Every structure is written in C-alpha cells, then in structure tokens.
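Residues in the sequence shown are numbered from 2 upward in steps of one, following this note's numbering. The beta carbon of each residue, even a glycine, is placed where N, CA and C say it ideally should be. Source: prediction; values computed, not measured.
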Amino acid sequence: VARGSVAILAQAVLAHLCSATTFDQTLAMRAVLVATFIAQLAAQSTTVPPKVALEEAEHEYAKALKDGNETLKELQKWLEGIEESASKPDEADNIAGKIEHEAVEDFKDQKDSMLSEFDKKLDELPKAGDAYVAAKDLKKLSKEIQKLSKQVAKSMKKKYHELRTEQKDKAQDMMHSIQKDAHMAMKIARKVEHFGRKAGQPESEYEGNIGRAEKSTEGLSGKAEKFGEHAEHVVEHFFEKVEDKVEDRGRSLEKEAKTKGKEREKSIQSALQEAEGSPAKSAKPAASKSAKPAASKSAKPAALFLRGETGSLNPEALLSLLLPATGFAMLALAFAWGRRTPSLNMPPSLG
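Spelled out as structure tokens, the structure:
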C-alpha cells in the first residue's frame with residue numbers, strides 16, 4: 002500500500018512540474034525527495050524476513066531439481082523405446098515404408114492427372130491429323146511420368162533426413178533441458194545458503210546443504226549427458242539401417258517406373274500403326290516415302306528409253322539407234338576387205 006501511494010504521489014509531482022513556475026518547481030523537487038525517502042522506508046518495512054526467504058528459496062530449489070529428474074526419466078523412457086525399436090528386425094523397413102508412403106502421396110494427384118492425360122491422348126492418336134507429331138508428344142509425356150519416380154525417391158531421402166534429425170534433436174533437447182534445470186537448481190541452492198546464514202542456521206547446516214546440492218545437481222547433469230549421448234548413438238545406428246531401406250525402395254520405384262514407361266511406349270507404337278492402317282508396318286517419316294519415286298525419274302535405264310511411257314516398243318527410237326550402227330559396220334567391213342584381198346597385177350609369190 003505504501004509503495005502504491007508513493008507512486009501516485011510521484012506522478013502528481015511530475016505533472017505539477019510540467020506547468021509550475023520556477024519557485025513551484027523548487028518546491029516540487031523537494032517533494033520528490035521526500036517521496037523517495039518515504040519509499041525507501043516502505044521498502045525496508047516490507048522486506049521479507051530471512052526465514053521466509055529461506056523457505057521460498059528451498060521450495061524453488063526443490064522444484065528445479067524435481068523438474069530436472071522428471072525430464073531425465075522421460076529421456077530414459079524414450080531411450081528404452083528407441084533401443085527396443087532398433088532391436089526389431091523389420092522395424093527399419095517399416096519406417097522406410099512409412100516414408101515411402103508419405104512421399105508417394107505427395108505426388109499422387111500430379112501422377113494421376115498425367116496418367117489420365119496420357120490415356121486420353123492415346124485414345125485420340127489414331128484419329129489425329131498428324132499421327133507422328135501426336136506420338137512424339139505422347140512419348141514426351143510418358144518420360145515426364147517416369148521422371149516422377151526420381152522426384153519421389155528424392156522426397157523420400159529428404160523425409161528420411163528430417164526424421165533422423167528430429168529424433169537426434171529430441172535427445173539433445175531433453176539433455177540440455179535437464180542440464181539447464183540442474184544449473185538453475187544449483188543457482189537457487191546458493192540463495193538457500195545465503196538465506197540460511199541470514200536466518201541464523203549453523204554453519205554446518207547451510208554448508209552441508211550447499212554440498213549436497215552440488216552433488217545432486219552435478220549428478221543430474223552427468224546423467225543427462227550420459228543418456229543423451231547414448232540416445233544420439235542409438236538413433237544414429239538405427240537410422241543407418243533405415244537409410245539403406247529407403248534407398249532400396251527408391252531404386253525399386255525407379256525400376257518399376259522404367260518398366261511401365263516401356264509399356265507405354267509399346268501402346269504408343271500400336272496406336273501409331275493403327276493410324277497408318279498397317280499393323281505390320283513400322284513408323285517412317287513421310288519424306289522418305291516421296292524421295293524414292295523422284296530418284297527413279299531422274300535416271301531412266303536404256304531399256305526404258307527404248308520403250309514409251311506406257312512400256313510399249315518405240316520404232317522411231319529403235320531406228321535412230323540401228324541406222325548409224327549399221328553404216329559404221331559396213332565401212333569397217335570394206336576397210337578390212339581392202340587390206341586382206343591381193344591385187345590382180347601383183348606378181349605371184351615364189352612359193
């Protein structure tokens with residue numbers, strides 16, 4: 002009550018100082034000094050007696066020590082659960098399965114949408130204006146669907162690392178919480194020693210209290226470090242097994258996606274053959290079909306030249322080739338005859 006009255010008085014004095022003259026300000030300053038003195042007296046009159054302060058400090062010390070020990074029990078219980086899980090042969094694979102399920106669910110809507118689009122375009126391919134372009138687009142979409150498996154595998158690794166870090170952090174957080182409680186308990190124990198001395202306790206009593214407090218808090222902090230470090234080691238070792246299982250499942254997903262990708266490729270090829278109207282014919286570009294007739298027109302063989310465009314014999318073309326050849330043959334024959342036949346006025350040989 003005294004403190005509240007002094008605060009009200011101080012506020013009134015300060016309000017008066019803002020609008021008062023120089024003389025009035027001097028009086029007001031004196032009033033502030035008086036109020037400060039009264040506040041000091043009130044504070045001294047309301048000081049907690051040493052025995053009461055000692056009881057409060059002992060209560061705070063007991064609470065801090067209790068909080069630390071309860072957290073230590075939680076750490077021990079959690080450590081036992083981790084060790085039990087790690088000892089089960091299928092537990093690592095179960096954890097990996099949950100990780101895979103979460104990752105697959107994250108991409109489920111996207112994959113379903115892409116597969117629905119693929120089926121729709123596959124049904125429309127035989128009726129497409131340009132079947133080759135439609136097939137090319139479908140193959141691209143199929144590869145995008147297959148790539149989703151890599152994204153799922155990547156998400157699985159990320160979730161694995163997050164879970165592993167979460168478990169290690171949990172062990173560290175509990176360990177640090179216990180050590181913090183132990184430190185706070187020791188700090189309060191020093192207050193207990195101080196107030197015990199003030200309250201008139203024997204030296205052996207308050208020194209004995211601080212000695213026991215040091216032993217208790219150091220023991221609590223040491224146990225926290227021991228169990229915390231052991232918990233981190235157990236988590237590290239267990240999640241190494243989980244990591245192997247996660248990687249195996251990721252590879253299986255990619256292998257399965259590759260197999261289904263090949264099946265989609267076959268379905269695209271079948272639809273393309275149906276669009277061409279010949280199931281046995283393989284898909285070829287249109288440009289390769291038009292190049293072959295052009296080459297046959299540019300270089301006709303001699304037999305085709307002797308015949309007309311319809312394939313019948315052309316007499317004029319045949320005569321234009323035979324007449325020059327016949328004339329040349331007759332000249333050659335005459336020349337050869339002239340060299341081989343003896344002249345009539347040549348003297349007979351002497352045999």
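Assuming residue i and residue j are in contact, meaning their beta carbons sit under 8 Å apart, how far apart are those beta carbons, in whole angstroms?
i      : j      : result
Asp182 : Ala58  : At roughly 16 Å, the Cβ-Cβ gap does not stay under 8 Å, so Asp182 and Ala58 are not in contact.
Ala97  : Lys160 : That pair is no contact at about 10 Å.
Ile146 : Lys171 : Not a contact, Cβ separation roughly 38 Å.
Asp94  : Lys246 : 5 Å
Lys169 : Val235 : With 8 Å as the limit, Lys169 and Val235 do not qualify as a contact, their Cβ atoms being about 10 Å apart.
Glu266 : Ser117 : Going by Cβ atoms, the distance from Glu266 to Ser117 rounds to 18 Å, so no, they are not a contact pair.
Glu233 : Met187 : Not really, about 25 Å apart at Cβ, beyond 8 Å.
Ile269 : Ala136 : 5 Å
List the endpoints of the continuous alpha helix (DSSP H) containing residue i.
i      : result
Val134 : 132-199
Gly93  : Gly is not the amino acid found at residue 93; the sequence shown has Ala there. Element bounds for Ala93: 92-125.
Ala65  : 51-88
Ala214 : 204-277
For residue i, which residues of its own chain have a beta-carbon under 7 Å away from its beta-carbon, when the five flanking residues on both sides are left out?
i      : result
Glu244 : Tyr161
Glu101 : Met157, Arg250
Ser217 : Leu66
Lys242 : Ala93
Glu71  : none
Gly197 : Leu55, Glu206, Tyr207, Asn210
Go through its chain and collect everything with a Cβ distance to residue i's Cβ below 8 Å, but skip five positions before and after it.
i      : result
Ile211 : Ala190, Arg191, Val193, Glu194
Lys199 : Pro51, Ala54, Leu55
Ser86  : Glu92, Phe239
Glu84  : Val235
His231 : Leu80
Gly262 : Ser143, Lys144, Ile146, Gln147
Arg252 : Ala154
His184 : Thr218, Ser222
Would a C-beta distance cut-off of 8 Å place residue i and residue j closer than the cut-off?
i      : j      : result
Glu255 : Lys151 : yes
Pro127 : Ala272 : yes
Ile179 : Leu80  : no
Ala276 : Ala129 : yes
Leu139 : Lys122 : yes
Can you find the residues in the same chain that come closer than 6 Å, C-beta to C-beta, to residue i, ignoring five residues on each side of it along the sequence?
i      : result
Met176 : Ala225, Gly229
Leu164 : none
Leu76  : Met175, Phe228
Ala295 : Residue placement at Ala295 is flagged as unreliable, the pLDDT there being 40, under the threshold of 50; the coordinate-derived value follows with that caveat. Here the set comprises nothing.
Tyr62  : Ala186, Ile189, Ala190, Val193
Asp68  : Asp182
Leu115 : It is Met, not Leu, that sits at residue 115 in the sequence shown. Within the same chain, Met115 has close Cβ partners Ile146.
Ala258 : Gln147, Ser150
At a Cβ threshold of 8 Å, is residue i touching chain C?
i      : result
Ser268 : Absent from the structure is chain C; it holds one protein chain and no more.
Original post:
With contact counted as at least three CB pairs below 8 Å, one residue from each stretch, are the segment 105-114 and the segment 217-236 in contact?
Top reply: no
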